[in-house]
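Student: Quick one: the structure is below, questions incoming.
In this note's numbering, the protein residues as written are 35 to 376.
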């Protein structure tokens, strides 16, 4: 008869055998297991070291390229935009070093920056109270314009674009002359918390550069920035939207503009955080004066690294030179609002 003691002894024997098996197995496998772990760790360390070395080389190459571009800028841009007036528009999160770098290259090209308009996050706030306030300001400061039907942000973009840009043609405001009505308009939007200004953007420019956020932005900002750029496209002689590769990915303002099918007075540059991209911004503005638009930079959505052939100075400010064969002419379609590829 099997009693409790027999069961107890059997259970103890089973666990002793199991423990002994685990001990023997661990003792036998431990050296090989450790060897595999050490080998894997060494391989991963080598891969990490290789990536670090490669990144270091790439950073050095980028720095070298920027140094070369900085040294070559005076030659590449000399008198390219002589006599032209340019206004800078900054989106929320626009990198300061991009703005300052573009400003420097515009100066190298002989252009005068009339002023800067920094749009606030409130400008892109889609909440009904904010949109109502924005729409009321647009109606108040329409300056005789007939506002297009649409959202408050589109109407505000229209009146702001008209206050800081001109085509400088017959019956148009004269570029470079400060306008008191434009100054009052800008002050009104600034008092409402929608923007800040520096310099004299009320001295209307003929060209504009929009600096987009340096990092991915909310969809409301991207869409709103496209709307603003399109308004600038209609009000002046050319607009370049400049950004960084990190901030120009899918869904960004630059990405949305590049997805448009029509050509206009709009070009884009996606590597403006590098000197070569800042040079490209100035060259793209010069090309727009000839009626040629394009998408430039390092991303796959860019049509080319930069304008080709490189633009040369115009004989007189705001002169319209004939476009090269096969190039898209923005002046042929002044009502277009999109961006074409090179």
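Glycine residues also receive a C-beta, built at the ideal position from the N, C-alpha and C atoms. Predicted, not measured: the structure shown is a model, and the values here were computed from it.
1) For the segment 247-299, list the beta strand (DSSP E) runs that are entirely contained and at least 3 residues long, ordered along the chain.
2) Are the segment 103-121 and the segment 138-146 touching, with three or more C-beta to C-beta distances below 8 Å?
3) Can you check whether the CB of residue 270 is closer than 8 Å to the CB of residue 242?
4) Quick one: residues in its chain with C-beta nearer than 7 Å to the C-beta of residue 109, no 5 flanking neighbours on either side, listed in chain order?
5) Give me the DSSP bridge partner(s) of residue 120.
6) Within 8 Å (strictly less), CB to CB, does residue 185 reach chain C?
7) Can you give me the C-alpha to C-alpha distance between residue 326 and residue 79, rounded to a whole angstrom?
8) Mind the definition here: the segment 124-142 touches the segment 178-187 only if three or more C-beta pairs lie below 8 Å; say whether that holds.
9) What is the rounded straight-line gap between the Cα of residue 173 and the Cα of residue 203?
10) Starting from residue 233, follow its DSSP beta bridges and name the residues at the other end.
11) Let me confirm a value: residue 208 is counted as buried when at least 16 other C-beta atoms fall within 10 Å, else exposed. Which label applies?
12) Which residue comes first and which comes last in the alpha helix (DSSP H) that contains residue 309?
13) Return the chain-ordered list of same chain residues with a C-beta closer than 7 Å to the C-beta of residue 336, the five sequence neighbours on each side being excluded.
14) Going by CA-CA distance only, name the one from 152, 316, 77, 184 that's closest to residue 235.
15) Among residues of its own chain, excluding the 5 on either side of residue 252, which ones have a beta-carbon nearer than 8 Å to its beta-carbon?
16) On the criterion of 16 or more Cβ atoms from any shown chain inside 10 Å, does residue 346 qualify as buried, or is it exposed?
17) Pull up the distance between the alpha-carbon of residue 311 and that of residue 229, whole angstroms please.
18) Please report the distance separating the alpha-carbon of residue 355 from that of residue 320.
19) Quick check: the Cα distance between residue 197 and residue 316, rounded to an integer number of angstroms?
20) Within 10 Å of its beta-carbon, does residue 112 have 16 or more other beta-carbons around it, so buried, or fewer, so exposed?
21) In chain order, what residues of the same chain have a beta carbon less than 7 Å from the beta carbon of residue 45, not counting five sequence neighbours either side?
22) Taking 8 Å as the threshold (C-beta atoms), are residue 182 and residue 165 in contact?
23) Leaving out five residues before and five after residue 255 in sequence, what residues of the same chain have Cβ atoms less than 7 Å from its Cβ?
24) Taking DSSP as the reference, what is the three-state secondary structure of residue 212?
25) Taking residue 135 as part of the alpha helix (DSSP H), name the residues at either end of that continuous run.
26) So, helix, strand or coil for residue 306, using DSSP?
27) Apply the 10 Å Cβ neighbour rule to residue 161 and answer buried if 16 or more other Cβ atoms are within range, or exposed otherwise.
28) So the alpha helix (DSSP H) residue 191 belongs to, where does it begin and stop?
29) Report all residues from its chain with a CB closer than 6 Å to the CB of residue 155; omit the five preceding and five following residues, and keep chain order.
30) Looking only at its own chain, which residues have a Cβ that is under 7 Å from the Cβ of residue 261, when we skip the five neighbours before and after it?
31) Pick from 292, 309, 273, 210: whose alpha carbon is nearest that of residue 299?
32) Measuring only the C-alpha atoms, how far is residue 276 from residue 288?
Tutor: Once the coordinates are examined:
1) The qualifying runs are 272-276.
2) A contact exists between the segment 103-121 and the segment 138-146.
3) In this structure, residue 270 lies closer than 8 Å to residue 242 by Cβ.
4) So the list is empty, once near-sequence residues are dropped.
5) Bridge partners of residue 120: 147, 241.
6) This model lacks chain C altogether; it includes just one protein chain.
7) Whole-angstrom Cα-Cα distance: 50 Å.
8) Under the 8 Å Cβ criterion, the segment 124-142 does not count as touching the segment 178-187, having fewer than three qualifying pairs.
9) Rounded to the nearest angstrom, the two C-alpha atoms are 26 Å apart.
10) Partner(s): 149.
11) Of the residues assessed, residue 208 falls on the exposed side of the cut-off, its CB having fewer than 16 other CB atoms within 10 angstroms.
12) Per DSSP, the unbroken alpha helix (DSSP H) holding residue 309 starts and ends at 309-323.
13) For residue 336, where only same-chain residues beyond five positions count, the Cβ hits under 7 Å are 304, 329, 330.
14) Taking only the C-alpha atoms, the option nearest residue 235 is 152.
15) The residues 158, in chain order, have a CB closer than 8 Å to that of residue 252 in the same chain once the five nearest residues on each side in sequence are set aside.
16) Exposed: under 16 other Cβ atoms inside 10 Å.
17) Approximately 26 Å, taken between the alpha carbons.
18) Interpretation of residue 355 is limited by its pLDDT of 35, a score under 50 that renders its predicted location unreliable; the figure taken from the coordinates is listed afterwards. For residue 355 and residue 320, the distance between alpha carbons rounds to 10 Å.
19) Straight-line Cα distance between these residues: approximately 22 Å.
20) The residue is exposed, with fewer than 16 neighbouring Cβ atoms inside 10 Å.
21) So no residue of the chain qualifies.
22) No, the pair does not count as a contact, with Cβ atoms beyond the cut-off.
23) Apart from sequence neighbours up to five positions away, the residues of its chain that approach residue 255 with a beta-carbon distance below 7 Å are 125, 126, 158, 247, ordered along the chain.
24) Three-state result, residue 212: strand.
25) Element bounds for residue 135: 130-142.
26) Coil.
27) Flag for residue 161 reads exposed.
28) Counted as a single uninterrupted DSSP element, the alpha helix (DSSP H) harbouring residue 191 occupies residues 186-198.
29) Closer than 6 Å at the Cβ level, and outside the excluded window around residue 155, lie 126.
30) Cβ contact annotation for residue 261 (same chain, cutoff 7 Å, sequence separation greater than five): 187, 188, 191, in chain order.
31) Considering only alpha carbons, the answer is 273.
32) Cα atoms of residue 276 and residue 288: separation of roughly 8 Å, rounded to the nearest angstrom.
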